[in-house]
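Visitor: Numbering follows numbering that gives the first Met the number 0, with no gaps: position 117 of the sequence shown is 116. The beta-carbon is built from N, C-alpha and C at its ideal position, and this holds for glycine as well.
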Amino acid sequence: MTSLTQNLCLCNSKLSYADCCEQLHAGSAQATTPEQLMRSRYVAYALKNAEYVYQTYAKEKQPENPIKEIADFANSCRFSNLDVMAAEHNDQTGVVEFCVSYFYQNLYCQLHEKSRFVKEDGLWRYLDGDIFPTTDIKVGRNDECPCGSGKKYKKCHVSF
Ligand SMILES: [Zn+2]
Ligand SMILES: [Zn+2]
0 MTSLTQNLCL
10 CNSKLSYADC
20 CEQLHAGSAQ
30 ATTPEQLMRS
40 RYVAYALKNA
50 EYVYQTYAKE
60 KQPENPIKEI
70 ADFANSCRFS
80 NLDVMAAEHN
90 DQTGVVEFCV
100 SYFYQNLYCQ
110 LHEKSRFVKE
120 DGLWRYLDGD
130 IFPTTDIKVG
140 RNDECPCGSG
150 KKYKKCHVSF
């Protein structure tokens with residue numbers, strides 16, 4: 000068995016998971032920027048840690064994002080990549096623009112969002128975001144996998 004903590008962090012930081020988002024997931028460190036929080040939320044989705052995603056919503060947004068819905072979404076997707084395109088913040092608010100690639104059934108999908116973050120009790124929290132329109136791509140079993148691995152879809156991110 001390989002330990003997850005020795006693997007590169009799924010947020011694309013080039014650090015090991017142990018030196019990156021795991022510390023935020025475990026609560027032994029707190030995100031110091033909105034970008035860091037956003038990255039850790041992406042990795043939590045990919046690892047199906049719905050509790051962390053829920054806890055890092057701003058309090059006012061938690062009731063409309065129940066843990067079960069977060070878990071259902073995370074469990075129905077195979078996450079493939081995160082690109083952070085822009086990030087800025089001041090003392091109390093921040094904005095991060097990113098693109099997440101994931102597979103849903105046999106569709107290759109992208110979530111391109113400009114997210115807003117706020118500080119609550121000294122901690123960065125996700126408030127909401129504007130979503131840019133994207134087009135889902137249907138993937139055939141013998142197509143090259145759109146994740147960029149160079150493998151055929153049926154040997155890579157296929158769902159069945
Ligand atoms: Zn990370
Ligand atoms: Zn793939």
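Counting Cβ pairs, one atom from each stretch, are 3 or more of them under 8 Å apart for the region 90-101 and the region 21-31?
Guide: No, because fewer than three Cβ pairs between the region 90-101 and the region 21-31 fall closer than 8 Å, the two stretches do not touch.
Visitor: Given that a residue counts as buried once 16 or more other Cβ atoms are within 10 Å of its Cβ, and exposed if not, what is I130?
Guide: Numbered from 1 along the sequence shown, position 131 holds the residue referred to as residue 130. Under this definition I130 is an exposed residue.
Visitor: Please determine whether the Cβ atom of C76 lies at a distance below 7 Å from any heavy atom of ligand 2.
Guide: Residue 76 sits at position 77 when you count from the first residue of the sequence shown. No, ligand 2 has no heavy atom inside 7 Å of this Cβ.
Visitor: Going by beta carbon distance, what residues of the same chain come within less than 8 Å of S15, once the five residues before and after it are set aside?
Guide: Within the sequence shown, the letter at position 16 stands for residue 15. Excluding positions up to five away in sequence, the list reads T4, Q5, N6, L7, C8.
Visitor: Report the partner residues of I130 according to the DSSP bridge assignment.
Guide: The residue given as residue 130 occupies position 131 in the sequence shown. In DSSP, I130 forms a bridge with E112.
Visitor: Do Y41 and V117 have their C-beta atoms closer together than 8 Å?
Guide: The residue you call residue 41 lines up with position 42 of the sequence shown. The residue you call residue 117 lines up with position 118 of the sequence shown. No, the pair does not count as a contact, with Cβ atoms beyond the cut-off.
Visitor: If we ignore side chains and look at the alpha-carbon of each, how far apart do D82 and N11 end up?
Guide: The residue given as residue 82 occupies position 83 in the sequence shown. The residue given as residue 11 occupies position 12 in the sequence shown. Looking at the two C-alpha atoms, the distance is approximately 8 Å.
Visitor: Closest to Y125 by C-alpha separation, out of K13, S27, S39, would be which residue?
Guide: On the sequence shown, residue 125 is found 126 positions in, with the first residue counted as 1. Of the listed residues, the one whose Cα sits closest to Y125 is S39.
Visitor: Could you tell me the boundaries of the alpha helix (DSSP H) in which H88 lies?
Guide: Residue mapping note: residue 88 aligns to position 89 of the sequence shown, counting from 1. Careful: H88 lies outside any alpha helix (DSSP H), inside the beta strand (DSSP E) at 76-88.
Visitor: Counting only runs that start and end within the region 22-63, where is the alpha helix (DSSP H) found for 4 or more residues in a row?
Guide: Segments of the alpha helix (DSSP H) lying fully in the region 22-63: 33-45, 49-54.
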